[in-house]
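What follows is one structure encoded as structure tokens, with my remarks underneath.
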Amino acid sequence: MSQSNALRRSEAYAEPATQDFSIRPLAAVTGAEIVGIDLSRELAPADFAKVHRAHLDHHLLVFRDQRITPQQHIDFSRRFGRLMIHVLHQFHLPGHPEILIVSNIVEDGKPIGLGDAGKYWHSDISYKELPSLGSLLHAQELPSQGGDTLFADMHVAYDTLPAALRDAIEGKRAVHSYLAKYGQLQKEGAWRPNLSAQQVAQVQEVVHPVVRTHPETGRRALFVSEGFTTRIVGLPDDESRQILHELFAHSIRPEHIYRHQWQPQDLVFWDNRSLIHLAGGTPDHLRRKLYRTTIEGDTPF
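Here's what the structure looks like:
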């Protein structure tokens with residue numbers, strides 16, 4: 016091989032250049048801001064490892080002013096694992112089924128996205144056998160008021176449980192169902208389409224531990240939410256309801272919560288194994304649109 020050919024081959028396989036960025040913890044129970052990174056560029060292995068470590072340490076990362084395309088959003092997300100395709104195909108971004116449109120915008124009498132996403136506290140796609148590792152939400156169009164997203168740290172929630180409640184859930188498992196609030200959401204708004212038989216078949220009930228161990232850090236966290244958890248297996252209905260009510264209330268104590276106030280082109284990447292989240296609400300007359308990818312995780316234990 017000639018020297019010039021060898022040089023061209025070396026350049027073709029050169030690793031991306033590293034970027035000079037920093038990690039700034041937020042003034043909240045959870046989260047950090049990544050300052051000085053450009054996700055429109057492929058991350059060098061060392062930079063990706065740094066981001067990955069920050070995600071494990073802080074559970075939520077805020078990347079400001081990320082002017083990325085949908086494909087770049089997908090490519091960055093995919094470095095963390097396989098992407099999940101949301102059951103509501105009606106709200107996939109055309110040409111990019113990996114992206115769910117989260118939006119209250121109506122065009123030609125039809126919603127372009129899921130307008131009531133996050134109306135109840137939840138961990139994304141906990142209703143699957145392999146629930147989500149994490150989600151990445153990228154701001155496209157923001158309202159002048161409202162539109163915040165709240166995140167609750169479920170590690171802290173578990174660590175601060177009263178002893179009696181912790182003992183009551185030790186070793187317990189709970190049912191998660193996508194349909195837990197679906198009918199109620201249909202009554203409350205016009206965002207939720209009727210599901211086909213094929214869609215219903217994709218969201219059968221699953222059972223997960225009430226307390227899960229994070230597969231990468233070993234930390235324990237509550238893994239229940241009002242949005243998707245319906246009952247604790249093996250308990251009488253009234254006892255199950257009471258315990259879940261207490262767990263839900265404890266999880267969202269103010270000291271467990273970070274409220275994200277969106278800025279243009281924010282990309283927020285959170286760990287669904289560690290956090291639950293809630294949409295703070297947007298006035299109906301103000302437009303809001305975001306793109307979401309979701310990374311598949313593993314079997315909770």
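Residue 16 is where the sequence shown starts when you use my numbering, and the numbers rise one by one after that.
Ideal placement from N, C-alpha and C gives every residue a C-beta, glycine not left out.
How should P230 be labelled, buried or exposed, when 16 other C-beta atoms within 10 angstroms of its C-beta is the threshold for buried?
Counting the other Cβ atoms within 10 Å of the Cβ of P230 gives fewer than 16, which makes it exposed.
How would you label N287, buried or exposed, when you count the other beta carbons within 10 angstroms and need 16 or more for buried?
Buried, by the Cβ-count rule.
So is Q160 buried or exposed if we call it buried at 16+ other beta carbons inside 10 Å?
Label assigned to Q160: exposed.
In this structure, does DSSP put H74 in helix, strand or coil?
H74 sits in coil when the DSSP states are folded into three classes, being neither helix nor strand.
If I'm right that A172 touches H271 with Cβ under 8 Å, what's the distance once you round it to whole angstroms?
Contact holds; Cβ gap of about 5 Å.
Rounded to the nearest angstrom, what separates P126 and D174 at their Cα positions?
Cα to Cα, P126 sits roughly 41 Å from D174.
Please list, in chain order, all residues of the same chain as P279 whose beta carbon is under 8 Å from its beta carbon, the five residues on each side excluded.
Result list for P279: D80, A154 and L157, in chain order.
Check for me: the alpha helix (DSSP H) holding Y197 runs from which residue to which?
Start and end: Y197 to E203.
Could you check whether E144 and V221 sit closer than 7 Å to each other, using their CB atoms as the reference points?
Against a cut-off of 7 Å, the Cβ pair of E144 and V221 comes out as a contact.
For my contact list, G149 and F95 are in at a C-beta cut-off of 8 Å; report their separation, rounded to the angstrom.
With a Cβ gap of about 7 Å, G149 and F95 count as contacting.
Starting from R181 and walking both ways along the alpha helix (DSSP H), at which residues does that stretch end?
For R181, the enclosing alpha helix (DSSP H) begins and ends at A178 to I184.
Cβ contact check for the stretch 109-118 and the stretch 128-140: 3 or more pairs under 8 Å
Touching, yes, given that three or more Cβ pairs across the two stretches are closer than 8 Å.
When DSSP labels each residue in this structure, what does I89 get in the three-state scheme?
In the structure shown, I89 sits in a helix (DSSP, three-state: H, G or I).
What three-state label does DSSP hand H107 in the structure shown?
The three-state secondary structure of H107, taken from DSSP, is strand.
Using only CA atoms, which one of S192, D168 and T228 lies nearest to G186?
Comparing Cα-Cα distances from G186 to each of S192, D168 and T228, the minimum goes to T228.
Go through its chain and collect everything with a Cβ distance to P315's Cβ below 7 Å, but skip five positions before and after it.
Excluding residues within five positions, the ones whose Cβ falls inside 7 Å are P146, H223, P224, R227 and F238.
Would you call the stretch 69-87 in contact with the stretch 280-299, where contact means no fewer than 3 C-beta pairs closer than 8 Å?
Judged by Cβ distances under 8 Å, the stretch 69-87 makes contact with the stretch 280-299, as three or more pairs qualify.
Should the stretch 244-251 be called in touch with the stretch 188-204, which here means at least 3 C-beta pairs below 8 Å?
Flag = yes, the stretch 244-251 and the stretch 188-204 touch.
Across which residues does DSSP place I291 in a beta bridge pair?
DSSP lists A167 as partners of I291.
Give me the DSSP bridge partner(s) of L129.
DSSP lists no partner for L129.
Do you know whose CA, among A132, N119, D139 and H260, lies nearest F284's CA?
Closest option to F284, Cα to Cα, is D139.
Which whole-angstrom value is the C-beta distance of G162 and T297, which I expect to be below 8 Å?
Going by Cβ atoms, the distance from G162 to T297 rounds to 5 Å, so yes, they are a contact pair.
What is the residue span of the alpha helix (DSSP H) that I267 lies within?
No alpha helix (DSSP H) contains I267, which DSSP labels as neither H nor E.
Who are the Cβ neighbours of V66 in its own chain at under 8 Å, not counting the five residues just before and after it?
The beta carbon of V66 is closer than 8 Å to those of I49, I52, L58 and L76 in its chain, skipping five residues each way along the sequence.
Go ahead and label D168 buried or exposed: buried means 16 or more other beta carbons lie within 10 angstroms of its beta carbon, across all protein chains shown.
D168 is classed as buried because its beta carbon has at least 16 other beta carbons within 10 Å across all chains shown.
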